[in-house]
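Colleague: Numbering follows UniProt numbering, in which position 672 of the sequence shown is assigned residue number 672; successive positions increment by one, without gaps.
Note that CB positions come from ideal geometry on N, CA and C, so glycine has one too.
The structure displayed is predicted, hence computed values, not measured ones.
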Amino acid sequence: MPSSLNITNHINVAVIEFDSETNMKYTDDISKQRTISICRDGAIGVRLSFDGVRIMEDLSPRITITFQNVCKIIDIPGKMMDPPSKEKIVQRTLLDNVSGQVHPGQLVALMGPSGCGKTTLLNTLAGRSLNGVTGNIWLNNQRYEKSMKRNIAYVLQEDIFFENLTVKQQLTYTALLRLPNSLTRKDKLAQVEQIIEQLHLQNCANTPIILISGGQKRRVNIGTELLTNPSVIFLDEPTSGLDSTSAVTLIRVLRELALKGKTILMSIHQPSSPIFHSFDQLILLADAKTIFMGKPSNALDYFATLGHHAPLQYNPADFIMDLVNQDKEIREELKEAYIQNKSSNRLENPHKYSSEGRKYLIDEPNEKEIDLINKHHKNLMANKNENKWPIGFFAQTWILFSRNWVLTSKSQFTKLNCIQACFITIVFGLFWLRMKYHENTIQDRSSFIFFVLIFWPLSICFGGVVSFSIETSVIDKERASGSFRLSAYFFAKCLSESPIKLVLPAISFIIMYWMANINSDFANFLGILSFLSMSVLVAESIGLFFGALLQDVGRAMVACNVYLFGCLLAVGYFSHSTPYWLIVWVKWISYNTYAYNGCMQLQFMGERTYQCTNGVYIDMCKNNTNGTFISNEAIKYFNLNLNVGLNFLVLFGMLIFYRTTAYIALRFSNIRRGRT
Ligand SMILES: Nc1ncnc2c1ncn2[C@@H]1O[C@H](COP(=O)(O)OP(=O)(O)OP(=O)(O)O)[C@@H](O)[C@H]1O
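What follows is the structure, encoded as structure tokens:
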């Protein structure tokens, strides 16, 4: 035993969080150093190591998940059927009275042909897309409630990440977002290290996810879900796409987790023989119904009782999959046989199939209390005062801001973008090279401003259109596990992306501005730069708005193009004979009007002297072609009568307007997709 002084030193941190329901356990584990475990009634247990860092330990409640007669029926519009149905709505059964029970410490496989309902069952048990679901689901002896989600991890079939992040960055940002405020940053980072070690990811911890192998990606996916120390883990085909060695490694990791008391249910397609036999239980589905539930080692014996004998030396999983993938008649026979075999009154109602196989099946739960009792009883309901989110709005915004900053920097400063910026800068600079302060350059000066205000805003705008579509799958996945508010994501995105997206346009503009010799006054230069920056941000907001509203890149691009080019023409630069009724209103809703107006005034503002040339543009040069005029005269020529400050203010208003509508559109599209 360590000295009492030692213990006291390290309890200091814990005492702050003690309450009547907190248990303490002292372990003298040499491999993990001496630790004190603190276990509360929540999902997260805490271990104190002697260096004072708290590490979450496997002290989450042990949970038995019981599901009984779970059905899912959805309505499909008749015209979507093939062939189209005459009925307006066609009902389709995705799950038909599926029952089962998975205990802590068990690794259970869910198998069946493609489309039999494995993912649907996992979604249902994980509390996702519960529309049209009936039946009972219990976690221990408590009926399933939304708040219990925090005890559940769901590893999706696809490995969805921001692939430019390294493995460690991915896990760190997730830990900072999903672990509660009661843990310090240091504790959360320690938890990341623990997961990296547990999932054997040390070798690729600092490698971008895009460069790691499929098996490693799958483990990062699992690690991301394990960070919150869940009690129940659902995995949808975690071994698909992996070679047999990676699959075996993964199953070994899952087995280690099961040994720590996790309840694990995973769907799997065609496991190798060793993997098949490593499961504690097998649930086999066909056409939305159960056809076998028992130990994998009993599966072949069960099917043999129904006359389906496996050849010797044959992988049992292959045999079973071949069997259920055969014609519909066999599946009907297997479904019927299972119903008979599980039926308790089979003796009173003799059936055509042998009921000899019953001894190979595990009994289905029958809602009796005995099925639901779990010796590790814990209250799984969320405390009423408990926050819905692990961390507050500002903390969420800050972490998402940091992550987005890293991602946007990587995506913005690519070689391609830099080459494009250089090329545009040089072409624009050479085209309008060192314009003289002469009357005949005022039109060229106008076109310089006009084209600068087209190129950069439009190129950033199209980035905005695709922005959500690139991020939607990751954000949806993260929000499905309750990581952060949509508003925090949007706010962080706006704050982090705007400055980064302005860097290339600003550098390029500064060089072009000097090359074209626009206006040497520094204040005017800053003013024009501010107008360009504001135009870029407004244009990006328009892109974000269409991207969020239409949720389809193709359609959003078309809508954005039509809108922007309509607005661009309305400035009246290209045609002076456009009907007044057509441009009079479009002109005032076009951001180009204000940006162009402001920049042009700033360009000609001041007392700079211009040389008259032919008197085509400036009245006072008409009779004095060798004279001079003050640049302000050009403002009159271009009829620029809206105050510079007002132009900027309107642009700023547009920025706020389009960002707000983009957020509303995003929230609206989330509701349409069933997310809140
Ligand atoms: N939202 C939906 N609308 C209509 N049909 C759906 C919907 N979701 C699932 N289905 C259908 O339900 C059936 C079961 O789908 P599910 O994804 O659960 O199958 P699965 O067993 O996981 O298949 P796989 O092994 O190929 O992933 C499929 O036929 C699928 O087409």
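Consult DSSP for residue 611 and reduce its assignment to one of helix, strand or coil.
Modeller: In the structure shown, residue 611 sits in a strand (DSSP, three-state: E or B).
Colleague: Our contact map puts residue 105 next to residue 258 with C-beta atoms below 8 Å; I'd like the distance itself, whole angstroms only.
Modeller: That belief holds up - the Cβ atoms of residue 105 and residue 258 are roughly 5 Å apart, short of 8 Å.
Colleague: Given 7 Å as the limit, tell me if residue 74 has its C-beta closer than that to any heavy atom belonging to ligand 1.
Modeller: Under cutoff, so the answer is yes.
Colleague: For a quick check, are the C-beta atoms of residue 502 and residue 533 less than 8 Å apart?
Modeller: Against a cut-off of 8 Å, the Cβ pair of residue 533 and residue 502 comes out as a contact.
Colleague: Work out the CA separation of residue 130 and residue 548 for me, nearest whole Å.
Modeller: Roughly 25 Å separates the two Cα atoms.
Colleague: Below 8 Å, can you find three or more Cβ-Cβ pairs linking the region 111–131 to the region 139–157?
Modeller: Contact between the region 111–131 and the region 139–157 is present, because at least three Cβ pairs lie under 8 Å.
Colleague: Based on the DSSP secondary-structure assignment, which residues constitute the bridge partners of residue 91?
Modeller: Answer is 75.
Colleague: Do residue 266 and residue 364 come within 8 Å of each other at the CB atom, strictly closer than that value?
Modeller: No, Cβ-Cβ distance for residue 364 and residue 266 is not below 8 Å.
Colleague: Exposed or buried, residue 657, counting other C-beta atoms within 10 Å across all chains shown (16 or more means buried)?
Modeller: Looking at its Cβ environment, which holds fewer than 16 other Cβ atoms inside 10 Å, residue 657 is exposed.
Colleague: For a test of your reading of the model: does the CB of residue 289 fall under 7 Å from any non-hydrogen atom of ligand 1? Yes or no.
Modeller: No, the beta carbon of residue 289 sits no closer than 7 Å to any heavy atom of ligand 1.
Colleague: With a floor of 4 residues, list each alpha helix (DSSP H) that falls wholly inside the region 248–297, ordered by position along the chain.
Modeller: You should have 273–278.
Colleague: Could you tell me which residues DSSP pairs with residue 438 in its beta bridges?
Modeller: 611.
Colleague: Around the Cβ of residue 523, are there at least 16 other Cβ atoms within 10 angstroms (buried) or fewer (exposed)?
Modeller: Classification for residue 523: exposed.
Colleague: Quick check on DSSP: helix, strand or coil for residue 640?
Modeller: Of the three classes helix, strand and coil, the one that applies to residue 640 here is coil, per DSSP.
Colleague: Decide if residue 274 is buried, meaning its Cβ has at least 16 other Cβ atoms within 10 Å, or exposed.
Modeller: Exposed.
Colleague: Once DSSP output is grouped into helix, strand and coil, what is the label at residue 143?
Modeller: Three-state result, residue 143: strand.
Colleague: Thinking residue 509 and residue 529 are a contact (beta carbons under 8 Å), I'd like their distance in whole angstroms, please.
Modeller: Their Cβ separation, rounded to whole angstroms, is 6 Å, which keeps residue 509 and residue 529 in contact under 8 Å.
Colleague: Less than 8 Å between the CB atoms is what I'm expecting for residue 519 and residue 603, so what's the real figure, rounded?
Modeller: So it is a contact: roughly 5 Å between Cβ atoms.
Colleague: Over what stretch of residues does the beta strand (DSSP E) that includes residue 152 continue unbroken?
Modeller: Unbroken beta strand (DSSP E) run through residue 152: 152–155.
Colleague: Can you name, in chain order, every residue of its own chain whose Cβ lies under 7 Å from the Cβ of residue 592, other than the five neighbours on each side?
Modeller: Once the five neighbours on either side are set aside, the close Cβ partners of residue 592 are 453, 567, 568, 571.
Colleague: Since residue 626 contacts residue 612 with CB under 8 Å, what's their CB separation in whole angstroms?
Modeller: Contact flag correct, Cβ pair sits at about 7 Å.
Colleague: Nearest by alpha-carbon distance to residue 75: which of 67, 68, 66, 85 is it?
Modeller: Minimum Cα distance to residue 75 is reached at 85.
Colleague: Do you know how far the Cα of residue 584 is from the Cα of residue 536?
Modeller: Roughly 24 Å between the two C-alpha positions.
Colleague: Please tell me whether, using a cut-off of 7 Å, the distance from the CB of residue 487 to the nearest non-hydrogen atom of ligand 1 is below it.
Modeller: No, Cβ of residue 487 sits at least 7 Å from all heavy atoms of ligand 1.
Colleague: Give a single yes or no on whether residue 71 has its beta carbon closer than 7 Å to a heavy atom of ligand 1.
Modeller: Not under cutoff, so the answer is no.
Colleague: Using 8 Å as the cut-off, can you tell me whether the region 194–205 makes contact with the region 162–173, which would need three or more C-beta pairs spanning the two stretches below that distance?
Modeller: Yes, they touch.
Colleague: Excluding sequence positions up to five away, which residues of its chain have a Cβ less than 6 Å from the Cβ of residue 200?
Modeller: Cβ within range, chain order: n/a, list empty.
Colleague: So, with DSSP's three-state summary, where would you put residue 111?
Modeller: In the structure shown, residue 111 sits in a strand (DSSP, three-state: E or B).
Colleague: Would you call the region 550–559 and the region 447–467 touching, i.e. three or more CB-CB distances under 8 Å?
Modeller: Because the criterion of three Cβ pairs below 8 Å is met, the region 550–559 and the region 447–467 touch.
Colleague: Can you give me the start and stop residues for the alpha helix (DSSP H) that residue 187 sits inside?
Modeller: Residues 185–198.
Colleague: Any heavy atom of ligand 1 closer than 7 Å to the beta-carbon of residue 92?
Modeller: The answer is yes for residue 92.
Colleague: State whether the region 391–406 contacts the region 483–503, with contact taken as three or more CB pairs (one from each stretch) at a distance under 8 Å.
Modeller: Yes: the two stretches touch, three or more of their Cβ pairs being nearer than 8 Å.
Colleague: How would you label residue 43, buried or exposed, when you count the other beta carbons within 10 angstroms and need 16 or more for buried?
Modeller: Here residue 43 scores only 41 on pLDDT, less than 50, and its place in the model is too uncertain to base an answer on.
Colleague: Going by the C-beta, is residue 116 closer than 7 Å to any heavy atom of ligand 1?
Modeller: At least one heavy atom of ligand 1 is nearer than 7 Å to the Cβ of residue 116, so yes.
Colleague: For the alpha helix (DSSP H) that residue 319 lies in, which residues bound it at each end?
Modeller: Note, residue 319: alpha helix (DSSP H), 316–325.
Colleague: Can you look up residue 571 in the DSSP assignment and give me helix, strand or coil?
Modeller: In this structure, residue 571 counts as coil in the three-state DSSP scheme.
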